[in-house]
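Written below as structure tokens is the structure these notes are about.
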Amino acid sequence: MKLSSNRQGNQRIFAWVVFGCIALAVCYTALVSLRASAEADYAKAQGQGTPVPLAQPADLQAFQSGSHLVYLRQETAPYGQVNIAGLDSSSPQKSLQTELLCDRIHYAAGNGICLRYDPSVSDSLVPPRVWVTLFGPDFKPRHQFTVDGVLSRARVSPDGKYAAFTVFVAGHSYADVNMSTATVLLDAATGTSLGNLEEFETWKDGQPYQAPEFNFWGVTFAQDSNRFYATLKNGNTVYLVQGDVAAHTLTVLHESVECPSLSPDETRIAFKKRAGTRWQLTVLDLATMKETELAEKEGIDDQVEWLDNQHILYQKGDYDPPKWVSVFVIPADGSGKPEVFMPNATSPVVVR
Amino acid sequence: MYPIENSGDLIKNKRRQLFSRQMWASVGRNVFFLGLTSLLTDISSEMVTATLPLYLLLTLRLAPLQFGLIDGLNQGASVLVRIASGLIADRSRRPKEVATAGYGFSALCRIGLLLVGRSGLGISAVVLLDRIGKGIRTAPRDAMIAASVPSERLGTAFGVHRAMDTAGAMLGPLLAAGLLALTPGSYDVVFIVSFCFAIVGVAVISLLVESPAANEPEDASPPASSQVVFQLLARPGFRMLVLISSALALTTLSDSFIFLTLQRRFSLSLSMFPLLYVGIALVYMVLAIPVGRLADRLGRRPIFVAGYGLLALVYALLLLPNVSQTMSLGILILMGFYYAATDGVLAALASAILPEQWRTTGLAILTTGTSLARLFASLGYGALWTYLGPNQALSFFLLGISITLLLAWVFLSRLERDTNETV
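So the protein lines, in turn, are chains A and B.
Letter by letter, the first sequence follows residues 1 to 352 in the numbering used here.
Letter by letter, the second sequence follows residues 1001 to 1423 in the numbering used here.
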């Protein structure tokens, strides 16, 4: 019978397909797991890509004499390698690579903070683990510890005295209904914790202000390093708060400000403002409380960095292949349009 | 055990009892193999779904947010593809070939993930193609299930399929976690093994599933595509079913919102969420076949409406001031029951009243309506949650589902009388 012979033929082909697939799956898995050590293998995978000479101490010093940009290189593996490029016309043309790998970085006056996911915690049932590394002018780790969560913002005060970082302990983004953050201040030199912002005393309209669902994120420091700004979320409202490290106090200043970044002249704050389902980059004048929308029309989720008093740097998806994300620059007065400042890079830090 | 009306049923029953040791014997090998295809494909796709965020975060070092941009686009593409594939499958009378193409598409995407590397555009394209593959295959596959069994066993057939489908969805993440434990950081192993499962899935449908016997076309020149859609929607029974099921979907909270509410009550750790999904899936898997059988015996309409009644009960329980731990376990069981009584049963309800010639298109229209409504429900609930608060949002949805349930009961029973057949 034609039908049954057809069926038998199909069954034979099917058996071969199953055999081939099982062979492929088993051999491939065995091959990978039998390679000397899976962990060493992973480290190798992290280190592959074009070998680039690492910075020598003398070169580092040459760069650090002028103003420079510290950023994370995203062009090839290892992704997130810390790079340094000169910003003055007098500085060396080539950029330098350090040994440090980060997913978020900030640096000022010889003190830096680096956040990096631990690749060995790769279980979808538990939150990722983040290494918090404090480092010095040689870009070598001084203090390290881990926190569990999704990493977000990092900042060092202009004088290098304090560092701050934010991780999500619940939820994965600022858009999640159930998100919960932890924002911690650190002594940048010793690595000692100066407290979670949730332990600070908060004031609003001259009254103590408290609620169990407070969330803080995105610290930015003033030149004196004791004064800082951050975002407070209570229920569905976000506020700009001004903080005092020594006094452990926070004061509510303004509404609808997220991820503030203080300008070098300390007159304005650049931030992201919720506009429906996206965020609009905006600048707030601290004297007049007047808001100016920047010419970036795409939604941006970043804590921006001031290039100088007139320009702002931020990272944004760059869909021109093979790039994934680049650092863009835009005027701080609402004019102009976004332009690529550093291709294939994230987490820009301007060191003056 | 079975209500027996005549001797024909008696003989059928005898035969059914004879084969009852083999769960799939009563629905035939075709349904079993279609279920096996879904099981293998779901293992494959859930392996990737569970590990893709980790792969992006830990190997490619990409933040999850940048990835979220493309999700809306995916939803839209899947809807358009669904109706088109339904029309093509019905016109060509080759649902098997269309469904196979959809499964094949998704299989290729597993390899694609390894090939595109770190290109943002590439990863977005692969995820989009995978969704398109899903959009292509769903309606033709359900139409083939319907064509493979007599009308009185539709509920059981869809129950068997959904049970196997859910089993695959549960096994996938477990397998991925096991592989990652064996070869830490080697996501390529997960993608390759996932590809192998997908290929075996394609082999099952293309080599072991038989095309349902195609009747000769009734008219030589079939109507235009848009006409087909309008003609199907002009049928009072089908139109009513699409309206009612979409209205119910409009008051349906997604699992994640229900978990969020539970989490607020108990301050559950977020790492518990995957376990909650597994809990519901387990109940759904166990109940899909018995509830499908029950629907065939007692009538699909009461089971379907009762399923949504259980969902309304879940809302009410979540609104109680004191929710105990046992009650939250009860909520998971109710959710599993709700899925078992609604998902496959709706497909059975629709298959029974759709003309065989345009069944795939009809099923595509139905699922398009319900999935769009579910999307709106999530957006609406998110907005209500933000502006009114969680309890108010939930009360609003409870009111909505209660009214819709009442309408469903009245209008679906009218449909039964109009079409004068058991649906």
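Virtual Cβ for every residue (Gly too), placed ideally from N, Cα, C.
All figures in this text were calculated on a predicted structure; none of them were measured in a lab.
So is residue i buried or exposed if we call it buried at 16+ other beta carbons inside 10 Å?
i	result
B/Tyr-1387	exposed
A/Gln-81	buried
A/Phe-328	buried
A/Ser-347	buried
B/Phe-1230	exposed
B/Cys-1196	buried
B/Pro-1173	buried
B/Phe-1032	buried
A/Ser-263	buried
A/Pro-201	At residue 201 of chain A the sequence reads Glu, which differs from the Pro that was named. With fewer than 16 other Cβ atoms within 10 Å, it is exposed.
A/Arg-73	buried
A/Trp-217	buried
B/Thr-993	For residue 993 of chain B there is no data in the structure shown, the boundaries of chain B being 1001 and 1423.
A/Phe-19	exposed
Please go through the same chain and pick out, in chain order, the residues whose beta-carbon is closer than 6 Å to the beta-carbon of residue i, but skip the five residues on each side of it.
i	result
B/Leu-1425	Because chain B spans 1001 through 1423 in this model, residue 1425 of chain B falls outside it and cannot be assessed.
A/Ala-270	Ser-261, Val-283, Val-304, Ile-312
A/Pro-127	Asp-148, Gly-149
B/Tyr-1122	With the sequence shown as reference, residue 1122 of chain B is identified as Gly, and Tyr is not the correct amino acid for it. Closer than 6 Å at Cβ, skipping near neighbours: Val-1116.
With 8 Å as the threshold, decide whether the Cβ of residue i is near any Cβ in chain B.
i	result
A/His-13	For clarity, residue 13 of chain A is Ile in the given sequence; the question names His instead. Taking Cβ atoms only, chain B reaches closer than 8 Å to A/Ile-13, which makes this a yes.
A/Val-147	no
A/Pro-260	no
A/Leu-24	yes
A/Asn-111	no
A/Pro-128	yes
A/Tyr-239	no
A/Pro-119	yes
A/Gly-80	yes
A/Tyr-42	Because A/Tyr-42 sits at a pLDDT of 49, beneath the cut-off of 50, its placement in the model cannot be relied upon, and the point is left open.
A/Asp-103	yes
A/Val-17	yes
A/Thr-166	no
A/Cys-21	yes
A/Ser-347	no
In the structure shown, what three-state DSSP assignment does residue i receive?
i	result
B/Asp-1188	helix
B/Asp-1090	helix
B/Thr-1386	helix
B/Thr-1252	coil
A/Asn-215	strand
A/Trp-203	strand
A/His-311	strand
A/His-248	coil
B/Pro-1274	helix
B/Ser-1211	coil
B/Leu-1060	coil
B/Leu-1175	helix
A/Asn-6	helix
B/Ile-1205	helix
A/Pro-343	coil
A/Pro-57	helix
Considering only residues of the same chain and omitting the five flanking positions on each side of residue i, which have a CB-CB separation below 7 Å?
i	result
B/Thr-1367	Arg-1082, Thr-1138, Ala-1139
B/Leu-1287	Gly-1336, Phe-1337, Ala-1340
B/Leu-1036	Met-1164, Val-1204
B/Tyr-1187	Thr-1051, Tyr-1055, Thr-1059
B/Gly-1362	Leu-1232, Phe-1238, Ala-1350, Leu-1354
How about residue i: is its C-beta nearer than 8 Å to some C-beta of chain A?
i	result
B/Leu-1036	no
B/Ile-1199	yes
B/Ser-1026	no
B/Ala-1203	yes
B/Val-1193	yes
B/Leu-1406	no
B/Cys-1196	yes
B/Ser-1151	no
B/Trp-1409	no
Take residue i and list the residues in its own chain whose beta-carbon comes closer than 8 Å to its own, dropping the five residues that flank it on each side.
i	result
B/Trp-1409	Val-1305
B/Ala-1281	Thr-1166, Ala-1169, Met-1170, Gly-1336
B/Leu-1175	Ile-1043, Met-1047, Val-1193
A/Glu-266	Ala-222, Gln-223, Leu-286
* Asked: Which ranges does the alpha helix (DSSP H) cover as unbroken runs of at least 4 residues, wholly within the stretch 1283-1322 of chain B, from first to last along the chain?
  -> Runs of the alpha helix (DSSP H) inside the stretch 1283-1322 of chain B: 1300-1319.
* Would you mind listing the beta strand (DSSP E) stretches within the stretch 125-186 of chain A that are 3+ residues and don't spill past its ends, in chain order? => You should have 129-135, 141-148, 150-156, 162-170.
* Asked: Whole beta strand (DSSP E) runs in the stretch 1336-1395 of chain B with 3 or more residues, listed along the chain?
  -> As far as the stretch 1336-1395 of chain B is concerned, it has no whole beta strand (DSSP E) run of at least 3 residues.
* Mind listing, in chain order, the continuous alpha helix (DSSP H) runs of no fewer than 4 residues lying wholly within the stretch 227-295 of chain A? => Within the stretch 227-295 of chain A, no complete alpha helix (DSSP H) segment of 4 residues or longer occurs.
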